[in-house]
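Chemist: Letter by letter, the sequence shown follows residues 1 to 503 in full-length UniProt numbering. No residue lacks a Cβ here, since even glycine has one placed at the ideal position from N, Cα and C.
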Amino acid sequence: MQLEQKSIQSRELSMTTLATTENSQPDQYLMKQQIQGSNLPNVIGTVQNLQNMKCVDTNIQDDFNQVGNHIIAEFIGCSNLNNYHELKSILTKSALAASATILSVKTHQFQPFGMTGVAVLSESHISIHTWPEYGYASVDIYTCGKIEIQKALEELKGFFAPQKVDVVTVTRGFSGKDNFKPETLAKYGSPLMFKQFLKFFWFFLCSIFKLTLCAIKCFKTQSTTGEKFFTELVNHNGLPVTVQITEKCEEKQSMYQKVEVYKTATFGNMIVLDGVVQLTTRDTASYLEMIAHVPLIAHPNPKRVLIIGGGDCGTLTGVVQHKNVEEIVMCEIDAVVVEMAEKYFPQFYQSTKDPRVTLIIQDALQYIKTKQNYFDVIIIDSSDPDGPAQGLFNKPFYIDVYNALTHDGIASAQAEPMFFFSDLIKQMHQQNEGTFKVTKYYYALVPTYPTGSIGFLFSSKKYNELEKINEERINQLQTEYYNREMHEAAFCLPQYMKKVLYE
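1) Within the same chain, show all residues whose beta-carbon is closer than 8 Å to that of residue 97, passing over the 5 residues directly before and after it, in chain order.
2) Between 440, 436 and 434, which has its C-alpha nearest residue 425's C-alpha?
3) State the CB to CB distance for the pair residue 311 and residue 293, rounded to an integer number of angstroms; the pair is presumed to be in contact (CB under 8 Å).
4) Less than 6 Å between C-beta atoms, sequence neighbours within five positions excluded: which residues of the same chain meet that for residue 160?
5) Do you know whose CA, among 346, 283, 453 and 392, lies nearest residue 419's CA?
6) Within a Cβ cutoff of 6 Å, which residues of the same chain sit near residue 40, ignoring the five residues on either side of it in sequence?
7) Using 8 Å as the cut-off, can you tell me whether the segment 457 to 471 makes contact with the segment 400 to 416, which would need three or more C-beta pairs spanning the two stretches below that distance?
8) Under three-state DSSP, which class holds residue 241?
9) Using a Cβ-Cβ cut-off of 6 Å (strictly less than) and excluding sequence neighbours within five positions of residue 108, which residues of its own chain qualify?
10) At a cut of 8 Å, does the segment 354 to 369 reach the segment 319 to 332 through at least three beta carbon pairs?
11) Below 8 Å, how does it come out for the segment 270 to 282 and the segment 295 to 306: are there three or more Cβ pairs, yes or no?
12) May I have the straight-line CA-CA distance separating residue 133 from residue 83, to the nearest angstrom?
13) Over what stretch of residues does the alpha helix (DSSP H) that includes residue 297 continue unbroken?
14) Just list the residues that DSSP pairs residue 306 with in beta bridges.
15) If residue 364 and residue 392 are in contact, beta carbons under 8 Å, what's the gap, nearest whole angstrom?
16) Go through the segment 386 to 448 residue by residue and report every complete run of the beta strand (DSSP E) that reaches 3 residues or more, in order.
17) Nearest-angstrom Cα distance between residue 476 and residue 142?
18) Please report the straight-line C-alpha distance between residue 399 and residue 246, rounded to a whole angstrom.
19) Consult DSSP for residue 69 and reduce its assignment to one of helix, strand or coil.
20) Provide the residue span of the alpha helix (DSSP H) that contains residue 276, from first to last.
21) Could you name the residues that DSSP lists as bridge partners for residue 318?
22) Do you know whose CA, among 496, 254 and 86, lies nearest residue 337's CA?
23) Hey, would you say residue 270 sits closer than 8 Å to residue 243, going by beta carbons?
24) Can you look up residue 486 in the DSSP assignment and give me helix, strand or coil?
25) Need the endpoints of the beta strand (DSSP E) that residue 172 sits in, please.
26) Any idea what DSSP makes of residue 257, helix, strand or coil?
27) Whose C-alpha, out of 423, 421, 445 and 464, is nearest the C-alpha of residue 437?
28) Taking Cβ to Cβ, would you say residue 378 is nearer than 8 Å to residue 404?
29) State the DSSP-derived secondary structure class of residue 101, mapped to helix, strand or coil.
30) So if DSSP puts residue 109 in a beta bridge, which residue, or which two residues, is it bridged to?
31) Quick check on the burial criterion: 16 or more other C-beta atoms within 10 angstroms. Buried or exposed for residue 289?
32) Figure out for me which residue from 448, 433, 467 and 413 has the closest Cα to the Cα of residue 442.
33) Taking its Cβ as the centre, do 16 or more other Cβ atoms sit within 10 Å of residue 355, making it buried, or is it exposed?
34) Output needed for residue 401: all residues of its chain with C-beta closer than 6 Å, excluding positions within five of it in sequence on either side, in chain order.
35) Rounded to whole angstroms, how far is the Cβ of residue 124 from the Cβ of residue 118, which I believe are closer than 8 Å?
Okay, structure coming up:
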């Protein structure tokens, strides 16, 4: 692997070139720019040497105060360039390896391939952009604090395993307004440098302003009466979910997501993953009862049950009520969610003490491949499809679910509210229709979810949702929301949703 590192100390604050030099001879550098009529991610050119990239004389560097370090890296000949499921994890790992403080991690997957992600740090940022079609990744790491920036780069190199790496390290900084000397600028005659400095400084101020607004908006808002409100990070077409809170109980950044617990004014404790409400003490009954009891009652005699996700243990609380079930496996990827459930939702966590329950901390995408024709019911209690649960919404996963079920097995899955996610629901419905004998969408009312509702996907190898309902088994359950009438009514869809799914 070829790895050459350069350090630039100058007043140049905007650099778009990445270069390597050897024996002071011309070499190739990669310049990021847009070119009409070309899909290539970069353009190949030449420079005489690294000094040619500076805009100011090195003689004026003595009064130049360092405020940060900037690593710009080209990864060439990489693997994992389309491994979106692990992108948030590797960004988190690289930041933690550098002893950085993570504020948030955001990722996006492009179609048909390619991905981008950024970890926003107290010390600045780590970003990655990939081009799988070229075997190439662009890495940008900037810090204005005392963190081990090189360890972050090594963590990323270990994940992408590039055959070649080109790196430039830039020392960033400026002298500050109190030390600014106009006569010095005139003496060295560098209007280009000063213009670029102003441009960068304005961009920096705007970025800080936007981040501050985002933090205020997404964490909490303050009313004129002093009340505090949590507002979801995700703005659902102008309809964000807002809940009045009294205090933040705890916050932890796991390897996969940011986990927060709040005490609310009227909904009890509330758990939030990456800025999105997952569960509150007050209104969780409708969710956990409908995702658990519907498939378990629809199956005539379920013995083995798998819960995928559900680390808050709410769904597990519903499953353990079924006395005919002999084995329950809960496979959760994030141990921090289970830890929070133990501390703040003991009424749910106590269900893990049931002797029939086995708790596995593992990625369900791997675990389910180890089971064939084993479970009678599989419940997929996942978060939204833009974090660690992204892979739980794809067809290959549901084929694995099908194979893990017995000949008459049934699966239920969180499938988003119908009003905002009709395209995703249609995609899930169509991909399961081609695999399972019966595929149907149903829903429940949950006040703290967008539009006050949540949907589920019912997928069965043999039975429909009604033909094996047993009234005696229903009467044995202790429920707040679920009953036979709600079981039947949940599958009655509004006309627009019927058109989405069946026309």
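Modeler: On the basis of the data shown:
1) By one-based count along the sequence shown, residue 97 stands at place 97. Same-chain partners within the cutoff: 148, 151, 152, 154 and 155.
2) In the sequence shown, residue 425 corresponds to position 425, counting from 1. The residue among 440, 436 and 434 with its C-alpha nearest the C-alpha of residue 425 is 440.
3) Indexing the sequence shown from 1 puts residue 311 at position 311. Indexing the sequence shown from 1 puts residue 293 at position 293. About 20 Å separates the CB atoms of residue 311 and residue 293; that is not less than 8 Å, and the two are not in contact.
4) On the sequence shown, residue 160 is found 160 positions in, with the first residue counted as 1. For residue 160, where only same-chain residues beyond five positions count, the Cβ hits under 6 Å are 75, 78, 80 and 137.
5) What you label residue 419 is simply residue 419 of the sequence shown in a count that begins at 1. Checking every option, the nearest Cα to that of residue 419 belongs to 453.
6) Taking the first residue of the sequence shown as 1, we reach residue 40 at position 40. Residue confidence for residue 40 is low, a pLDDT of 34 falling below 50, so the modelled location carries little weight and cannot support an answer.
7) Result yes; three or more Cβ-Cβ pairs closer than 8 Å.
8) Here the question's residue 241 lines up with position 241 in the sequence shown. In the structure shown, the three-state DSSP call for residue 241 is coil.
9) Locating residue 108 in the sequence shown gives position 108, counting from the first residue. Closer than 6 Å at Cβ, skipping near neighbours: 116.
10) Look at the beta carbons and you see the segment 354 to 369 touching the segment 319 to 332: at least three pairs across the two are nearer than 8 Å.
11) When C-beta atoms of the segment 270 to 282 are compared with those of the segment 295 to 306, fewer than three pairs fall below 8 Å, so the two segments do not count as touching.
12) One-based indexing of the sequence shown puts residue 133 at position 133. One-based indexing of the sequence shown puts residue 83 at position 83. Their Cα atoms are separated by approximately 13 Å.
13) What you label residue 297 is simply residue 297 of the sequence shown in a count that begins at 1. First-last of the alpha helix (DSSP H) with residue 297: 284 to 298.
14) The sequence position of residue 306 within the sequence shown is 306, counting from 1. In DSSP, residue 306 forms a bridge with 329 and 378.
15) Within the sequence shown, the letter at position 364 stands for residue 364. Within the sequence shown, the letter at position 392 stands for residue 392. Contact holds; Cβ gap of about 7 Å.
16) You should have 405 to 414 and 438 to 445.
17) As a first step, residue 476 is located in the sequence shown; it is residue number 476 there, counting from the start. As a first step, residue 142 is located in the sequence shown; it is residue number 142 there, counting from the start. Going from the Cα of residue 476 to the Cα of residue 142 covers about 59 Å.
18) Against the sequence shown, residue 399 aligns to sequence position 399. Against the sequence shown, residue 246 aligns to sequence position 246. Our two residues, residue 399 and residue 246, have alpha carbons roughly 44 Å apart in a direct line.
19) On the sequence shown, residue 69 is found 69 positions in, with the first residue counted as 1. Strand, per DSSP.
20) Taking the first residue of the sequence shown as position 1, residue 276 is located at position 276. Where residue 276 is concerned, there is no enclosing alpha helix (DSSP H), although the beta strand (DSSP E) it sits in stretches over 276 to 280.
21) The count along the sequence shown starts at 1 and reaches residue 318 at position 318. In the DSSP assignment, residue 318 forms no beta bridge with any residue.
22) As a working note, residue 337 is residue 337 in the sequence shown. The candidate whose alpha carbon is nearest that of residue 337 is 254.
23) Along the sequence shown, read from residue 1 onward, the residue named residue 270 stands at position 270. Along the sequence shown, read from residue 1 onward, the residue named residue 243 stands at position 243. In this structure, residue 243 lies closer than 8 Å to residue 270 by Cβ.
24) Here residue 486 refers to the residue found at position 486 of the sequence shown. In this structure, residue 486 counts as helix in the three-state DSSP scheme.
25) Against the sequence shown, residue 172 aligns to sequence position 172. Per DSSP, the continuous beta strand (DSSP E) segment holding residue 172 begins and ends at 164 to 172.
26) By 1-based counting over the sequence shown, the position of residue 257 is 257. In the three-state DSSP reduction, residue 257 falls in the coil class, being neither helix nor strand.
27) Looking up residue 437 in the sequence shown gives position 437. The shortest Cα separation from residue 437 among 423, 421, 445 and 464 belongs to 464.
28) Counting from 1 along the sequence shown, the entry for residue 378 is found at position 378. Counting from 1 along the sequence shown, the entry for residue 404 is found at position 404. The answer is yes: Cβ separation under 8 Å.
29) For this step, residue 101 is matched to residue 101 along the sequence shown. When secondary structure is reduced to three states using DSSP, residue 101 falls in the coil class, being assigned neither helix nor strand.
30) As a working note, residue 109 is residue 109 in the sequence shown. Answer by DSSP bridge pairing, in chain order: 115.
31) Taking the sequence shown and counting its residues from 1, the one referred to as residue 289 is at position 289. Counting every other CB atom within 10 Å of its CB across the protein chains shown gives residue 289 a total of 16 or more, marking it as buried.
32) Locating residue 442 in the sequence shown gives position 442, where the first residue counts as 1. It is 413.
33) One-based indexing of the sequence shown puts residue 355 at position 355. Looking at its Cβ environment, which holds fewer than 16 other Cβ atoms inside 10 Å, residue 355 is exposed.
34) Residue 401 sits at position 401 when you count from the first residue of the sequence shown. 378 and 411, listed in sequence order.
35) As a working mapping, residue 124 is identified with position 124 in the sequence shown. As a working mapping, residue 118 is identified with position 118 in the sequence shown. Wrong, their Cβ atoms sit about 11 Å apart, outside the cutoff.
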